[in-house]
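So the protein sequences, as listed, match chains A and B. Residues in the first sequence are numbered from 1 upward in steps of one, following the working numbering. Residues in the second sequence are numbered from 1001 upward in steps of one, following the working numbering.
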Amino acid sequence: MTGEAPAIFVALEQSAFGAAIRQSTWLFPAANVGHVLALAVFAGALAVMDIRLLGGLAATSPARVLMRARSAAIAAFVMLAVTGFMQFSADASHLIINPVFQIKLALIGLGLANLAIFEFCVKRSIVDLSPGVAMPASAKTAGVMSLAIWLVVAACGRTIAYF
Amino acid sequence: MLRVTTAVTAIVLAAGAAFAHHGWGSYDAAKPVTVAGPIVTSKYENPHATVTVRSEGKVWTVTLAPTSRMSTRGASEKVIAVGNSISAYGYPSTATPDEMRAERITVDGKTYEMR
């Protein structure tokens, strides 16, 4: 134990919602399983996007590949957030002071910031590129950042239980 | 790319190790203890059930197993009800005083494996 959790997280854990997830036989494991399956879809969709940004899948139209993968990534992220929040609610007062969980949250923030920078600054320079045209350095940077950040986020997620 | 990921992961793990408190790593398997006495409080909850047990003037927090595993093995909510006499064999926490993780529990002459 590294300290006391802020009251809002204690309240969340003690709420009827948190209690329902702990006391149900299947809700907590269902959230576990849903989180892992959503992660598989999210990682797959992101890998397609990042590989395209790095210049792989060069025969495809970047705009098309990115748009399709983006829809899957957004759906999977929503699922990750919902199932993650369910697990968090069951044990919020401990998780919020868990150092690996804190690192994971910070990296999720970083990953979303990277996505925002890509959406608003980088994307316009690549959406009209034809298949086979080389990617600009900014797109490659966004792809590398994304792969690195989200892989470590996933590793953190699995590691929370050991701290 | 792979090198960056490996390095960052290593840093994350090393930083976390300094604060280790959950998981099997923070229970001392070299010093098994048996906690026996009446159950004071009981939570039949996920991710794992817990009871507190009055034993030799102390109140131990005994961490058990996920509820689905408990019930599969016959350790129902009634088995760990408040007031029942329990004997828990397990490993003491190296981080939280008077907390232990049970390898197995015995209630009313029946032994239930928690792992």
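Cβ coordinates follow ideal geometry from the N, Cα and C atoms, glycine included.
Annotated as distal: T1111 of chain B and R1101 of chain B, with beta-carbon spacing of 8 Å or more. Distances from the CA of A90 of chain A to each of A:Y162, A:L46, A:W26 were compared; the closest alpha carbon is that of A:W26.
Between V152 of chain A and V127 of chain A, the alpha-carbon positions lie close to 28 Å from each other. In this structure T1061 of chain B is in contact with E1099 of chain B, their Cβ atoms being roughly 4 Å apart against a cut-off of 8 Å. The three-state secondary structure of Y1044 of chain B, taken from DSSP, is coil. Counting only Cβ-Cβ distances below 7 Å, R22 of chain A has contacts in chain B at E1045, N1046, in chain order.
The region 48-64 of chain A and the region 89-105 of chain A do not touch, with fewer than three beta-carbon pairs separated by less than 8 Å. Relative to P1038 of chain B, the option among B:P1097, B:A1030, B:E1056 whose CA is nearest is B:E1056.
Closest option to K1058 of chain B, judged by alpha-carbon separation, among B:P1097, B:K1031, B:R1073, B:D1108: B:P1097. Here DSSP, grouped into helix, strand and coil, assigns I1080 of chain B to coil. By alpha-carbon distance to A1030 of chain B, the top candidate from B:R1115, B:Y1091, B:S1071 is B:Y1091.
For the pair G34 of chain A and M79 of chain A, the CB atoms are nearer than the 8 Å cut-off. In the DSSP assignment, P1092 of chain B falls within the unbroken beta strand (DSSP E) covering 1085-1092. For A1102 of chain B, the pairing in a beta bridge is given by DSSP as B:G1090.
In the structure shown, K1058 of chain B falls within a strand segment according to DSSP collapsed to helix, strand and coil. Excluding five sequence positions before and after T1052 of chain B, the CB atoms of its chain that fall closer than 6 Å to its own CB belong to V1040, T1041, V1059, T1061, given in chain order. Under the three-state reduction of DSSP, G143 of chain A is assigned to helix.
Residue contact check for T83 of chain A against chain B: no CB pair falls below 8 Å. Against chain B, a Cβ distance below 8 Å from P29 of chain A picks out N1046, P1066, S1068. Taking a beta-carbon distance threshold of 8 Å, A90 of chain A counts as an interface residue toward chain B. Excluding its 5 nearest sequence neighbours in each direction, I8 of chain A has no C-beta neighbour in its own chain below 6 Å. The beta carbon of I117 of chain A is closer than 8 Å to those of A142 in its chain, skipping five residues each way along the sequence. Interface criterion not met: the Cβ of T141 of chain A is under 8 Å from no Cβ in chain B. Taking the Cα positions, A76 of chain A is about 42 Å away from V1082 of chain B. For T83 of chain A, the enclosing alpha helix (DSSP H) begins and ends at 62-90.
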